[in-house]
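First the structure, in the form of structure tokens, and then the observations on it.
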Ligand code: WT7
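Numbering (our numbering), first residue to last: 437 to 1099.
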């Protein structure tokens, strides 16, 4: 299967929205789309102000839309006050949706639990009261390290209710990663579970919290709240650890929300950049909520009776915007899934779509590609043709480029040739979709994320920050601040400024970190991949430097360089070049060390960061000034011959060593 950019750029198939879809769409037809874009163009603040008044219920209305005085530290709706949890729960109960199902939870083993809006509000209020009882206040940071669960959503919503800033750490991150985030955030409390259930196995979670707190040099954490998922063995530290079910017992199911300023930090979410240290992306309350609502309604065309399913984990931004906040703020019904797509077999997603009559389905290309393979390998069980998927109306893709072959398979086999595929481009930093088709508007081209979301001023520029012609590649930028944008990097405003608003581009453009090209005729955007040292492995964002730091922290390793290489299923695979402090290992010994290093990276960062391939050399290819030539390493990783001149290399002979993969 080809994931190459050339196949996307040569793509000429076009899929127009059907007249029936257009007729019922929330944004209906290209003229409606253009009218929204024109409104934003003509009166930017008027546009966003209007939408913020129409889609959010404010406790105190705002009078200022955008405050640019401290740019690039922009403020949206700064004098408005609201509460996100109220907008997701109380608002819907008051509107008569109390008995409507908010969440359909399906556990790993298949048990289904439904929670109505009224019950969810009660559970959030009780847990919020419990957090208050433990001394958590407005502005405190709370780490959430939970599996996919109703409790995960409740924990996040409860933080939002009392004005605590949550920082969810994906359950696949290690104790070390958890410790770094606890320390950087200065968190006061951790919410975790005894174990998580995935693919028929129970995997301990709480021990990682214990280890993180033992490793930690700070003592900011006062309590750990433990949700009992399996009842497996847990060591509870007296005075610090408390059971979820015990702290919520006897709590009132009424909890007055903390009305916060629109700029109050709703959450921090750590993500990888080009340096070793993950950055705490800080999001706002009002602007973030607005974009989660708008994109639910416009990109997914959410209707009151829809069942929406986003398969992401709440540990990533996709799970924040399209599980915890967006669907609930719209009064929707959504699926929360604990398990994995391949258990009990690779038909699980299709079975669930059939069982729950899912209307809108949102997943990642890596999942689609692996399920294509599974369906072909085991057609009687895993092929979508065995299931009734006619409930589907809209499909979505997120996290990485979707190659035209995967797009077509998704469109035909899952969408029955009837459901538009929304290839949504966005980032942790953007809060929600920034380039995406709208299903009742945009003619679709497989592999292109098409056009900007109305009001997001996206462009492609050269090194000096000037727009490039359509058809020419360049840096993807956003030219004006937008409501759901990152506000700062927690503890590091300088890094925020230079990473996202670099002076070379004039200091005013938001630099996404991706290369892009617009189609010469249609102006459609195609994303060409990261321009920095960030990898995208199975839709998970990882810094090469983070993995390098993890490798060199192993006592055997002198030096390491990590690059990505194209991978059929995962999009990108991690290739590590390693120089040991001792002689270059070969044979069995090399295999042994590879295993040790992979485990070490798993321990330092998490299993998702383990290198797919490790190659050993006596040295790395360096220029005479000592700079590692990553370009050559990428060529070698792809298994291609080096055709460029290597005469500036200090040590050309080691290239041969580095061709050798330890299997
Ligand atoms: C990076 C952001 C989007 C939320 C989940 C990932 C890549 C994301 C697409 C897409 C091509 C995409 C970009 C981006 N990316 N969506 N539709 N087409 N590339 O968020 O972990 O912050 O990663 O994912 O490289 O910069 P993230």
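Quick reminder that beta carbons are idealized off the backbone N, C-alpha and C, glycines included.
- If you check the C-beta of residue 973 against the ligand WT7, you find no heavy atom less than 7 Å away.
- Counting along the chain, no alpha helix (DSSP H) covers residue 758, and no H or E run does either.
- Straight through space, the alpha carbons of residue 614 and residue 643 are spaced by roughly 12 Å.
- For the ligand WT7, no non-hydrogen atom lies closer than 7 Å to the CB of residue 640.
- Assignment of beta-bridge partners to residue 833 by DSSP yields 799, 859.
- Annotation: residue 666 to residue 1000 spans about 37 Å, alpha carbon to alpha carbon.
- Per DSSP, residue 545 is not a residue of any beta strand (DSSP E), being assigned neither H nor E.
- Here the region 761-768 lies against the region 524-540, with 3 or more beta-carbon pairs under 8 Å apart.
- Considered as a whole, the region 465-500 harbours 466-478, 480-491 as its complete alpha helix (DSSP H) runs of no fewer than 4 residues, in chain order.
- Residue 890 sits away from residue 871, with the two beta carbons spaced by 8 Å or more.
- Just so you know, the alpha carbons of residue 1065 and residue 928 end up roughly 29 Å apart.
- Taking C-alpha positions only, residue 962 is separated from residue 968 by approximately 17 Å.
- Per DSSP, the continuous beta strand (DSSP E) segment holding residue 950 begins and ends at 946-954.
- Counting only runs that start and end inside the region 994-1061, the alpha helix (DSSP H) elements of at least 4 residues fall at 1023-1040.
- Taken through DSSP and simplified to helix, strand or coil, residue 515 comes out as coil.
- Between residue 629 and the set 635, 621, 671, the nearest pair of CA atoms involves 671.
- The ligand WT7 never approaches residue 842 closely enough for any of its heavy atoms to be under 7 Å from the residue's Cβ.
- Here residue 869 is buried: its Cβ has 16 or more other Cβ atoms, across all protein chains shown, within 10 Å.
- The region 848-864 makes contact with the region 828-836: 3 or more CB pairs, one atom from each, lie closer than 8 Å.
- For residue 965, the enclosing beta strand (DSSP E) covers residues 961-966.
- The residue from 683, 1055, 503, 651 with its alpha-carbon nearest to that of residue 660 is 683.
- Straight across, the Cα-Cα distance linking residue 985 with residue 925 is about 21 Å.
- According to DSSP, residue 679 shares a beta bridge with 662.
- When distances are taken from the beta-carbon of residue 948 to the heavy atoms of the ligand WT7, the shortest one is below 7 Å.
- Residue environment analysis places residue 687 among the buried positions, since at least 16 neighbouring C-beta atoms fall within 10 angstroms of its C-beta.
- The alpha-carbon separation between residue 788 and residue 746 amounts to approximately 12 Å.
- With contacts defined by Cβ atoms closer than 8 Å, residue 631 and residue 668 form a contacting pair.
- When C-alpha distances from residue 560 are compared across 518, 490, 690, the shortest belongs to 690.
- Looking at the DSSP output, residue 990 shares a beta bridge with no other residue.
- Residue 884 carries a coil assignment under DSSP once its states are collapsed to helix, strand and coil.
- Under the DSSP assignment, residue 894 falls in the beta strand (DSSP E) whose first and last residues are 894-897.
- Look at residue 972 here: in three-state DSSP terms it is strand.
- Taking a 10 Å sphere around the C-beta of residue 934, we find fewer than 16 other C-beta atoms and assign the residue as exposed.
- Within the DSSP secondary-structure output, residue 503 pairs in a beta bridge with 511.
- Closest option to residue 918, judged by alpha-carbon separation, among 446, 455, 462, 477: 477.
- Close CB contacts of residue 598 within its chain, under the 7 Å cut and outside five residues either way in sequence, are with 564, 567, 568, 572, 574, 694 (chain order).
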